[in-house]
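Asker: One structure coming up, written as structure tokens, with questions to follow.
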Amino acid sequence: MKIPQPLLRRALPLCLGLFAAIPAFAQDSKLLAKANTMADKLEPKVIEWRRDFHQYPELGNRETKTAEKIAAHLRKLGMEVQTGVAHTGVVGILKGGKPGPVVALRADIDGLPVTERVDLPFASKERSTYNGQEVGVMHACGHDTHIAMLMGAAEILAGMKNDLKGTVKFIFQPAEEGSPIGEEGGAALMVKEGVLDKGPKPEVIFGLHINSQTEVGIIKYTPGGTMASADIFRIKVKGKQSHGAYPWSGIDPIVVSAQIINGLQTIISRQTQLPEGAAVITVGSIHGGVRNNIIPEEVLMEGTIRALDVEMQKKLHEKINLTATKIAESSGAVAEVEIIPQTPVTYNDPTLTERMLPTLHTVAGRDKVVLAKAVTGAEDFAFYQEKIPGLFLFVGGMSKGKKPEEVAPHHTPDFFIDESGLKLGVKTLTSLTLNYMEGKGKK
């Protein structure tokens, strides 16, 4: 029987609360205390790394200098380092002194084509070319903090190498925000090139994302679907060109396109079981015609599809094709529908989430660990989770006392992160790794 997501979200806090009282994974208090002390001491260095990456961001598949800095750091820690993975990705392998599982930790490393407006001494002034246009470049989604936090976790875990009960694979991934037109990249390419299969094969993967609208000190988690799938759709509506004064002599693809757009919205409002999870169909661009008195021959529209459930995702694809083609047919036009899968549902393995919840409580405090609702944003961490169990979390980067509506969201020129939130990210990554290893060793 399939349990609806809302019911799952209501029931899980009770279940997880019971399991939290009896941790499924033992916690080595001495190692954790050592890791936390090291994180406290390392905080200034983590912030320094973050500021350097923030000042000199690079776009997806072009993160050459960023990758060089990461690789140099991992080599300094004595790790086996692989470079050039999925173009500019870096992988570090830390083999512990004791046998145990392989745990993967991931951070994304690319910036965005955004011109920074924040008044910071380390604000980005970088310029680059994106799909043929000159653009500013900014870490407007916090990937600079992700790099710094994972570098901090790497230094801490390398410092206790002899006590590690297993192996850690550090994955610094390029192009999470998407590759330039015509290029592969991101998590999909890393998986394709064997990051989870070559060398030590991880059995779980952990990742986190800073959030500018979540208060510093808070960790948010969602069992099951936590972020939506994201697919592109393109609909080309072919009509019959005619003079704008005599529309009856042609077939107007603009009018047909307007009807299709309205029809697409009824897929969500009338044909989708929204209590099972959110879904979105958005038309983001539409192009047709060159002159005010000419009805064009065709119109092209593009948009995005979001779903939090694989079955719902499939149904949306089918409904879009059916709606567009039949509406066009009813007017004598033809609609050609193309759906391009991009990112799967980011799915937190419920069993892994349950097992690691006591770790989150220990790191942040029980009252600071929040069961959050799923969101319709997308994250290519999902490609790793299709292969192995994974847990993807959000950590706070908003200054205390601020309200979410007062601060700039991600992907904007005014995006800002309170650096006091980075230490919790470092501690979370190290604690998840240590407790997972400890638990597997005693299981």
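With mature numbering (1 follows the signal peptide of the UniProt record, and there is no 0) applied, the sequence shown corresponds to residues -26 to -1, 1 to 417, in that order. Backbone N, C-alpha and C define an ideal beta-carbon position, used for all residues, glycine too.
1. Would you give the residue range spanned by the alpha helix (DSSP H) that residue 223 belongs to?
2. When the Cα atoms are used, what is the spatial distance from residue 261 to residue 235?
3. Is it true that the CB of residue 294 sits closer than 8 Å to the CB of residue 248?
4. Helix, strand or coil for residue 133? Go by DSSP, reduced to three states.
5. Measure the C-alpha to C-alpha separation of residue -1 and residue 326 and round it to an integer number of angstroms.
6. When you compare the CB of residue 314 with every CB in chain B, is at least one pair closer than 8 Å?
7. In the structure shown, what three-state DSSP assignment does residue 235 receive?
8. Quick one: any contact between the region 162 to 178 and the region 106 to 123, if contact means 3 or more CB pairs under 8 Å?
9. For residue 159, count the other beta carbons within 10 Å of its own beta carbon; 16 or more makes it buried, fewer makes it exposed. Which is it?
10. Comparing alpha-carbon positions, which option in 377, 268, 195, 56 lies nearest residue 226?
11. By the three-class DSSP mapping on this structure, what secondary structure does residue 165 have?
12. Could you check whether the region 174 to 187 touches the region 240 to 257, counting it as contact only if at least three pairs of C-beta atoms, one from each stretch, sit closer than 8 Å?
13. Determine the burial state of residue 397: buried for a count of at least 16 other Cβ atoms within 10 Å of its Cβ, exposed for fewer.
14. For residue 380, does the three-state DSSP call read helix, strand or coil?
15. Tell me the rounded alpha-carbon separation between residue 344 and residue 193.
16. Note down the Cα distance separating residue 144 from residue 411, rounded to an integer number of angstroms.
17. Can you name, in chain order, every residue of its own chain whose Cβ lies under 7 Å from the Cβ of residue 406, other than the five neighbours on each side?
18. Using the rule of at least 16 other Cβ atoms within 10 Å of the residue's Cβ for burial, across every protein chain shown, is residue -6 buried or exposed?
19. Could you check which residue in 187, 264, 404 has the C-alpha nearest to that of residue 217?
20. Taking the C-alpha atoms as reference points, what is the distance between residue 402 and residue 22?
21. Comparing alpha-carbon positions, which option in 18, 3, 8, 5 lies nearest residue 395?
22. Pairs of beta-carbons, one from the region 71 to 86 and one from the region 113 to 131, closer than 8 Å: are there three or more?
23. Can you name, in chain order, every residue of its own chain whose Cβ lies under 8 Å from the Cβ of residue 230, other than the five neighbours on each side?
24. Can you tell me the Cα-Cα spacing of residue 37 and residue 31, whole angstroms?
25. Since I believe residue 142 is in contact with residue 68 (beta carbons under 8 Å), could you give me their beta-carbon distance rounded to a whole number of angstroms?
26. In angstroms with no decimal places, state the Cα-to-Cα distance between residue 184 and residue 3.
27. Between residue 408 and the rest of its own chain, which residues show a CB-CB distance below 7 Å, the 5 nearest in sequence each way excluded?
28. On a Cα-Cα basis, can you pick out the residue from 246, 189, 400, 224 that is closest to residue 391?
29. For residue 245, which beta-bridge partners are listed by DSSP?
30. Under a three-way DSSP split, which group does residue 410 fall into?
31. Counting along the chain, where does the beta strand (DSSP E) carrying residue 280 start and finish?
32. Report the rounded CA-to-CA distance for residue 147 versus residue 244, giving the unit in angstroms.
33. If you compare alpha carbons, which of 349, 246, 126 is closest to residue 202?
34. Taking the alpha-carbon of residue 139 as reference, which of 93, 127, 73 has the nearest alpha-carbon?
35. What does a CB cutoff of less than 8 Å around residue 241 pick up in its chain, not counting 5 residues either side in sequence?
36. Is the beta carbon of residue 400 less than 8 Å from the beta carbon of residue 133?
Answerer: Per the coordinate set shown:
1. Neither: residue 223 is in no alpha helix (DSSP H) and is coded neither H nor E.
2. If I take the Cα positions, the gap works out to 13 Å.
3. Annotated as distal: residue 248 and residue 294, with beta-carbon spacing of 8 Å or more.
4. Helix.
5. In this predicted model, residue -1 has a pLDDT of only 48, less than 50, meaning its place in the structure is not dependable; the value taken from the coordinates is given anyway. About 14 Å.
6. The question asks about chain B, but that chain is absent: this structure has only one protein chain.
7. Residue state for residue 235 is assigned as helix, using DSSP reduced to three classes.
8. Taking 8 Å as the limit for Cβ pairs, the verdict is that the region 106 to 123 does not touch the region 162 to 178.
9. Burial call: buried.
10. Out of 377, 268, 195, 56, 268 has the C-alpha closest to the C-alpha of residue 226.
11. The three-state secondary structure of residue 165, taken from DSSP, is helix.
12. With a cut-off of 8 Å on Cβ pairs, the region 174 to 187 is not in contact with the region 240 to 257, counting fewer than three such pairs.
13. Classification of residue 397: buried, given that the 10 Å Cβ count is 16 or more.
14. Note: residue 380 maps to helix in three-state DSSP.
15. Straight-line Cα distance between these residues: approximately 6 Å.
16. When rounded, the distance between both Cα atoms is 15 Å.
17. So the qualifying residues of the chain are 180, 330, 333.
18. Note on residue -6: pLDDT 40, under 50, position unreliable in the model; the coordinate value appears next. For residue -6, the number of other beta carbons within 10 angstroms of its own is below 16, and it is reported as exposed.
19. Among 187, 264, 404, the Cα nearest to that of residue 217 belongs to 264.
20. Each residue's Cα considered, the two are about 19 Å apart.
21. For residue 395, the closest C-alpha among the options 18, 3, 8, 5 is that of 18.
22. The region 71 to 86 is in contact with the region 113 to 131.
23. Around residue 230: 211, 213, 273, 301, 302, 305, 307, 309.
24. Rounded to the nearest whole angstrom, the CA to CA distance from residue 37 to residue 31 is 8 Å.
25. By a beta-carbon distance limit of 8 Å, residue 68 contacts residue 142. Their separation comes to about 4 Å.
26. A direct Cα-Cα distance of roughly 26 Å separates residue 184 from residue 3.
27. Closer than 7 Å at the Cβ level, and outside the excluded window around residue 408, lie 2, 5, 6, 9.
28. Residue 189 is the option with its Cα nearest to residue 391.
29. In the DSSP assignment, no residue is bridged to residue 245.
30. If DSSP states are grouped into helix, strand and coil, residue 410 belongs with the helices.
31. Its beta strand (DSSP E) spans residues 272 to 281.
32. C-alpha of residue 147 to C-alpha of residue 244: approximately 39 Å in a straight line.
33. Checked all of 349, 246, 126; the closest Cα to residue 202 is 349.
34. The option with the nearest alpha carbon to residue 139 is 73.
35. So the qualifying residues of the chain are 255, 290, 293, 294, 297.
36. No.
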